[in-house]
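Visitor:
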Amino acid sequence: MSNNKRQVLLGLAGALVLAVAGVWAAGDAAAPQLRALSAKAGRRITTLTIETSDPVPYLTTRPDPMTLLVDLRQVEAAHVVNSANEARGVIASVGVEDALSPDGAHLARVRIRLTQPAAHQVRAKRNLIYVDLDSAFPLGGGSTSSLSTPGDMQAARPAGVKYATTLDAVRADKEPTGASVTLTGNGELAVESVTALGDGTPRVVLEFLNLRSKTPADIVIGRGPVSEVHVSTTGVTPTTKVVVDLSHPASYRVVPAEDGGKDLKIFFDDSIKDDAGSARPVAIASASDPITALLGAGTRAGVPSRAPLQQQPGATPPPAPGPAAPVGPVIAASQARFNGNPVTLDFTDADLRMVLRTFADISGLNLVIDPKVDGRVSLTLKEVPWDQALDIILKSNGLGYEVDGTVVRIAPMSVFTAEKEDRKKQQEATDSAADLPTITRTLSYAKAADLVPLLKSASLSPRGDVQIDPRTNTLIIRDIASKLQGVAQVLDTLDRPQPQVEIEARIIQTTRDFARNLGVQWGFNGRVSPELNNTTGLAFPNQGGLTGRTGGIQGPSQGALTDHTATAVNLGVSPATSAIGLALGSVNGALNLDVALSALESSGHGRILSTPRIATQNNVVAKIIQGVQIPIQTVANNTVTVSFKDAALTLQVTPQITASNTVIMQIDIENAAPDFSRAINNIPPIDTQHAITTILVSDGQTSVIGGIYVSQEQSTNDRTPGLHKVPLLGWLFRRDTLSDQSRELLIFITPRIIKG
4 MSNNKRQVLL
14 GLAGALVLAV
24 AGVWAAGDAA
34 APQLRALSAK
44 AGRRITTLTI
54 ETSDPVPYLT
64 TRPDPMTLLV
74 DLRQVEAAHV
84 VNSANEARGV
94 IASVGVEDAL
104 SPDGAHLARV
114 RIRLTQPAAH
124 QVRAKRNLIY
134 VDLDSAFPLG
144 GGSTSSLSTP
154 GDMQAARPAG
164 VKYATTLDAV
174 RADKEPTGAS
184 VTLTGNGELA
194 VESVTALGDG
204 TPRVVLEFLN
214 LRSKTPADIV
224 IGRGPVSEVH
234 VSTTGVTPTT
244 KVVVDLSHPA
254 SYRVVPAEDG
264 GKDLKIFFDD
274 SIKDDAGSAR
284 PVAIASASDP
294 ITALLGAGTR
304 AGVPSRAPLQ
314 QQPGATPPPA
324 PGPAAPVGPV
334 IAASQARFNG
344 NPVTLDFTDA
354 DLRMVLRTFA
364 DISGLNLVID
374 PKVDGRVSLT
384 LKEVPWDQAL
394 DIILKSNGLG
404 YEVDGTVVRI
414 APMSVFTAEK
424 EDRKKQQEAT
434 DSAADLPTIT
444 RTLSYAKAAD
454 LVPLLKSASL
464 SPRGDVQIDP
474 RTNTLIIRDI
484 ASKLQGVAQV
494 LDTLDRPQPQ
504 VEIEARIIQT
514 TRDFARNLGV
524 QWGFNGRVSP
534 ELNNTTGLAF
544 PNQGGLTGRT
554 GGIQGPSQGA
564 LTDHTATAVN
574 LGVSPATSAI
584 GLALGSVNGA
594 LNLDVALSAL
604 ESSGHGRILS
614 TPRIATQNNV
624 VAKIIQGVQI
634 PIQTVANNTV
644 TVSFKDAALT
654 LQVTPQITAS
664 NTVIMQIDIE
674 NAAPDFSRAI
684 NNIPPIDTQH
694 AITTILVSDG
704 QTSVIGGIYV
714 SQEQSTNDRT
724 PGLHKVPLLG
734 WLFRRDTLSD
744 QSRELLIFIT
754 PRIIKG
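In the numbering used here, the protein residues as written are 4 to 759.
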């Protein structure tokens with residue numbers, strides 16, 4: 004090769020080296036920069052702030068409980084200002100290292116060393132990444148991602164915090180999308196563990212160490228998805244367990260009290276539904292965290308987020324180890340919010356697999372793409388959260404995903420459906436071949452025969468069977484092992500003592516009677532007769548007489564006046580309570596007059612109080628009777644038959660206690676009494692008051708369920724025609740009678756729930 008050619012080649016090589024170096028330098032200049040590290044320590048929370056020049060993806064890992072690593076992908080840290088070591092709290096030191104990711108990408112690694120184990124939560128806002136370290140919720144030892152044991156957590160609590168020693172109150176409140184349960188202590192409540200149980204009645208269990216309870220053992224809630232709350236304390240070193248029973252599966256989150264607060268809240272949300280209609284968990288940590296934003300759960304790279312904790316109770320947890328269930332699409336709820344770092348994407352007829360791999364670089368996810376994922380995609384997105392962009396691409400191409408540990412697998416939805424069906428068939432085959440264990444459960448409160456239909460329809464597999472021992476009220480259950488746990492939980496829920504209710508009724512009868520009678524009787528006789536020397540002086544009529552003809556005899560029977568007069572006006576009162584008489588006569592007896600005035604006035608008041616009372620269990624009919632039976636004879640075909648009719652005070656009631664401490668009662672009450680004063684053939688009629696109704700009454704309150712008021716007024720006037728109208732003297736020819744009667748019946752009912 005000639006020198007000229009060698010010089011030309013050397014020149015070209017040098018130019019190429021300079022060009023490559025320029026491109027590399029330009030790439031370095033364009034890389035995001037780690038600008039500053041700062042920290043702020045509070046009494047309980049220590050926050051480390053990581054500032055970069057641009058929004059960047061990051062990944063957090065915990066190699067041990069005392070170390071937290073935050074890896075910033077493709078970030079330069081040559082000019083970082085680190086003032087985080089000046090803070091106190093749980094941070095011992097903060098440093099920056101250069102590292103490489105498993106795929107060879109450059110990383111700026113922020114290494115955080117702690118003075119004590121502490122849970123962490125990462126959140127991001129544009130170019131700021133905040134790491135919150137909470138000493139009240141430490142992690143366990145080693146590289147495990149679960150919460151520490153209760154003993155470790157108790158020992159690691161910061162000094163100066165007044166923790167609760169008693170649980171004073173449990174309160175439930177209605178929330179817009181569900182309900183919340185608030186636990187109040189005499190200090191800050193530190194929850195040791197939160198467990199969601201399923202395969203039966205959905206429930207959430209919270210445990211507290213060194214805590215006693217002053218609340219009732221069983222509290223009926225009945226708000227949103229929350230059914231009941233059960234509180235129990237065990238052990239010499241008291242451990243209090245709070246069990247929240249749900250009426251249906253719902254997502255939940257536990258929110259500890261703020262610094263110095265005494266309330267711990269559990270929120271239950273049943274507004275977010277998947278395609279099958281069951282509640283799904285919602286994101287509780289910062290969605291800017293790649294794993295959290297994609298999965299909608301509080302886990303980042305295998306390390307759980309700090310409380311609030313969240314899970315969906317009521318859904319059977321998948322066996323471990325084993326394949327994870329498909330989760331996709333990424334965001335199923337219409338209310339989903341996307342908080343990933345904004346990205347700008349512009350693809351034209353690009354390979355779908357290549358586009359999905361781009362999101363692995365953006366988010367730092369461990370991504371596996373199924374071989375059946377194929378196709379082309381065109382899109383233009385500007386400043387869109389990366390998780391929203393990924394969601395749109397997956398939906399547009401009929402794709403879903405599943406999570407296995409920290410690995411995300413993307414595949415067509417048909418693949419997940421087929422795998423789910425295969426797993427179901429495999430499980431059915433395993434169940435069909437498995438031996439059937441047997442358990443026995445002796446019931447204390449429920450009747451074994453009543454629970455058999457419910458267990459067969461709701462809890463047992465097709466191979467399951469239930470037998471009953473009536474003598475001991477025992478259930479003998481035979482089924483596959485995976486179903487027996489659910490059966491046990493159902494029996495725990497149903498075999499509970501029912502609350503009792505005391506029902507008291509009051510039947511009040513009042514009467515008022517008033518009567519007034521005023522009358523007159525008078526008679527006279529007059530004669531003209533020769534023997535009296537008072538003849539008429541005529542041949543006819545020469546003598547005669549005039550007398551009353553009503554038939555009564557007036558006048559005294561002895562004394563100075565011995566002549567009687569026949570009654571002309573007989574309008575007296577009988578029997579009279581007051582009377583006065585006047586008798587007048589002539590010397591020769593030719594004319595006699597006798598007048599009697601009689602009067603009667605009466606009034607009366609009566610009150611009868613009947614108070615039947617009976618106690619019974621919830622939803623169990625009760626009846627109480629007090630009275631007599633009236634024998635009634637009937638003769639047919641020369642055969643005498645005697646039947647009996649009740650004339651008694653009867654109360655029959657069926658109470659139903661509601662979740663709000665009110666009582667719904669189906670009431671049948673009757674008050675019947677015989678009236679022998681109106682007996683016919685020695686058989687008295689029965690005077691009865693009867694009411695049948697259904698009513699809702701609060702515990703301990705009294706309500707009127709019915710009443711009858713009857714009033715009767717009567718006025719009578721007996722008189723002599725024409726003469727009763729004579730002015731001033733008309734009262735001599737009439738009798739006045741006035742009667743006023745009233746009857747009132749009131750029925751009261753009072754339920755009282757018998758507590759404990």
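No residue lacks a Cβ here, since even glycine has one placed at the ideal position from N, Cα and C.
Keep in mind the model is a prediction, meaning the values are calculated, not measured.
1. Cβ-heavy atom distance between Leu117 and the ligand FAD below 7 Å?
2. Within the same chain, show all residues whose beta-carbon is closer than 7 Å to that of Tyr712, passing over the 5 residues directly before and after it, in chain order.
3. Give every residue of the same chain whose Cβ lies closer than 7 Å to the Cβ of Met69, excluding the five residues on either side of it in the sequence, and list them in chain order.
4. Between which residues of its own chain and Leu741 is the CB-CB distance below 6 Å, once the five residues before and five after are set aside?
5. Tell me which same chain residues have a C-beta within less than 7 Å of the C-beta of Gln620, skipping the five on either side of it?
6. Exposed or buried, what is Ala108 when buried is set at 16 or more other beta-carbons lying within 10 Å of its beta-carbon?
7. On the three-state DSSP scale, how would you describe Ala3?
8. Between the region 451-464 and the region 400-419, can you find at least three pairs of beta-carbon atoms closer than 8 Å?
9. With DSSP collapsed to three states, give me the class of Ala81.
10. Go ahead and label Glu386 buried or exposed: buried means 16 or more other beta carbons lie within 10 angstroms of its beta carbon, across all protein chains shown.
11. Would the region 529-542 count as touching the region 683-697 if we require 3 or more Cβ pairs under 8 Å?
12. Does the Cβ-Cβ distance between Arg38 and Glu54 come in under 8 Å?
13. Closest to Ala167 by CA distance: which of Thr187, Gly181, Asp176, Pro179 is it?
14. Report all residues from its chain with a CB closer than 6 Å to the CB of Gly709; omit the five preceding and five following residues, and keep chain order.
15. Extract the residue ranges of the alpha helix (DSSP H) inside the region 635-706, only unbroken runs of 4 or more that lie entirely within it.
16. Would you list the residues sitting across from Ser605 in a DSSP beta bridge?
17. Should the region 171-180 be regarded as contacting the region 213-228, the criterion being three or more beta carbon pairs within less than 8 Å?
18. Looking at the secondary structure, which residues open and close the beta strand (DSSP E) in which Leu40 lies?
19. Give me the Cβ distance between Glu195 and Leu212, rounded to the nearest whole Å; I'm assuming they're in contact under 8 Å.
20. Under 8 Å Cβ to Cβ from Leu463, same chain only, skipping five residues before and after it: list those, please.
21. Output yes or no for whether 8 Å exceeds the beta carbon distance between Arg206 and Leu249.
22. What are the residues that DSSP puts in a beta bridge with Ser216?
23. Rounded to the nearest angstrom, what separates His82 and Arg91 at their Cα positions?
24. Grab the span of the beta strand (DSSP E) containing Leu348 for me, first residue to last.
25. For Thr185 and Lys217, I'd like the C-alpha separation in whole angstroms.
26. Taking only three categories from DSSP, how would you classify Asp394?
27. I'd like to check one pair, Val134 with Val73: are the Cβ atoms closer than 8 Å?
28. Just mark Pro473 as buried or exposed, buried being the case when its beta carbon has 16 or more other beta carbons within 10 Å.
29. Going by the DSSP bridge assignment, what does Pro415 pair with across the sheet?
30. If distances are taken between C-alpha atoms only, which option among Arg738, Ser235, Val97, Asp272 comes closest to Trp525?
31. Do you know how far the Cα of Val380 is from the Cα of Leu803?
32. Please confirm whether Ile222 and Val173 have their CB atoms less than 8 Å apart.
33. To the nearest angstrom, how far is the alpha carbon of Pro320 from that of Thr198?
34. Considering only their Cβ atoms, is the gap separating Leu574 from Gly609 smaller than 8 Å?
35. Using DSSP bridges, identify the partner residues of Ser742.
36. Quickly, what does DSSP pair Tyr712 with across the bridge? List them, please.
Guide: Walking through what the data contain:
1. For the structure depicted, the ligand FAD is absent and the ligand set is empty, with no information on it obtainable.
2. Locating residue 712 in the sequence shown gives position 709, where the first residue counts as 1. Hits under 7 Å: Glu747.
3. Counting from one through the sequence shown, the residue named residue 69 turns up at place 66. Short of 7 Å from the beta carbon of Met69, and not among the five residues preceding or following it, lie these beta carbons of its own chain, in chain order: Arg116, Leu117, Pro120.
4. Residue mapping note: residue 741 aligns to position 738 of the sequence shown, counting from 1. Within its own chain, the residues whose Cβ lies closer than 6 Å to the Cβ of Leu741, once the five positions on either side in sequence are excluded, are Arg519, Ser718, listed in chain order.
5. Position 617 of the sequence shown, counted from the first residue, corresponds to residue 620. Taken in chain order, the residues that qualify are Gln501, Gln503.
6. Here residue 108 refers to the residue found at position 105 of the sequence shown. Under this definition Ala108 is an exposed residue.
7. Any question about residue 3 goes unanswered here, given that the chain covers just 4 to 759.
8. Cβ pair count under 8 Å is below three, so no.
9. Against the sequence shown, residue 81 aligns to sequence position 78. Ala81: coil per DSSP, three-state reduction.
10. Position 383 of the sequence shown, counted from the first residue, corresponds to residue 386. Exposed is the call here.
11. Proximity of the region 529-542 to the region 683-697 falls short of the contact definition, fewer than three beta-carbon pairs being nearer than 8 Å.
12. As a working note, residue 38 is residue 35 in the sequence shown. As a working note, residue 54 is residue 51 in the sequence shown. Glu54 sits close to Arg38, with the two beta carbons spaced by under 8 Å.
13. The sequence position of residue 167 within the sequence shown is 164, counting from 1. With distances taken between Cα atoms, Ala167 lies closest to Thr187.
14. The residue given as residue 709 occupies position 706 in the sequence shown. Contacts found: Ala694, Ile750.
15. Counting only runs of 4 or more, we get nothing.
16. Against the sequence shown, residue 605 aligns to sequence position 602. In the DSSP output, where bridge partners are listed per residue, Ser605 has Ala518.
17. The answer is yes - the region 213-228 touches the region 171-180, with three or more Cβ pairs under 8 Å.
18. Here residue 40 corresponds to residue number 37 of the sequence shown, with the count starting at 1. Counting along the chain, the beta strand (DSSP E) containing Leu40 begins and ends at 37-44.
19. In the sequence shown, counting from the first residue as 1, residue 195 sits at position 192. In the sequence shown, counting from the first residue as 1, residue 212 sits at position 209. For a cut-off of 8 Å, the C-beta gap from Glu195 to Leu212 is around 5 Å, short enough to register as a contact.
20. Counting from 1 along the sequence shown, the entry for residue 463 is found at position 460. So the list reads Val469, Ile480, Asp482, Lys486, Val490, once near-sequence residues are dropped.
21. Working through the sequence shown from its first residue, we reach residue 206 at position 203. Working through the sequence shown from its first residue, we reach residue 249 at position 246. Less than 8 Å divides the Cβ of Arg206 from the Cβ of Leu249.
22. The sequence position of residue 216 within the sequence shown is 213, counting from 1. Per DSSP, Leu170.
23. Walking along the sequence shown from the start, residue 82 turns up at place 79. Walking along the sequence shown from the start, residue 91 turns up at place 88. Spanning the two alpha carbons is a distance of roughly 24 Å.
24. Translated into positions along the sequence shown, residue 348 becomes position 345. Counting along the chain, the beta strand (DSSP E) containing Leu348 begins and ends at 345-354.
25. Counted from its first residue, the sequence shown places residue 185 at position 182. Counted from its first residue, the sequence shown places residue 217 at position 214. Spanning the two alpha carbons is a distance of roughly 15 Å.
26. To locate residue 394, count along the sequence shown from 1; it is residue 391. Of the three classes helix, strand and coil, the one that applies to Asp394 here is helix, per DSSP.
27. The residue you call residue 73 lines up with position 70 of the sequence shown. The residue you call residue 134 lines up with position 131 of the sequence shown. It is a contact, given that the beta carbons lie within the stated cut-off.
28. Along the sequence shown, read from residue 1 onward, the residue named residue 473 stands at position 470. With fewer than 16 Cβ atoms within 10 Å of its Cβ, Pro473 is classed as exposed.
29. Along the sequence shown, read from residue 1 onward, the residue named residue 415 stands at position 412. Beta-bridge analysis with DSSP links Pro415 to Leu402.
30. Along the sequence shown, read from residue 1 onward, the residue named residue 525 stands at position 522. Closest option to Trp525, Cα to Cα, is Arg738.
31. The structure shown does not extend to residue 803, since the chain spans only 4 to 759, so no value can be given for it.
32. Taking the first residue of the sequence shown as position 1, residue 222 is located at position 219. Taking the first residue of the sequence shown as position 1, residue 173 is located at position 170. Remark: C-beta atoms of Ile222 and Val173 approach each other more closely than 8 Å.
33. Stepping through the sequence shown from its first residue, residue 320 is reached at position 317. Stepping through the sequence shown from its first residue, residue 198 is reached at position 195. Residue confidence for Pro320 is low, a pLDDT of 35 falling below 50, so the modelled location carries little weight; the figure read from the coordinates is stated next. Here the alpha carbons of Thr198 and Pro320 stand approximately 11 Å from one another.
34. Your numbering for residue 609 matches position 606 in the sequence shown. Your numbering for residue 574 matches position 571 in the sequence shown. In terms of Cβ geometry, Gly609 and Leu574 do not form a close pair [threshold 8 Å].
35. Walking along the sequence shown from the start, residue 742 turns up at place 739. Beta-bridge pairing links Ser742 to Ala518, Gln717.
36. Reading the sequence shown from its first residue, position 709 is the one you call residue 712. Glu747.
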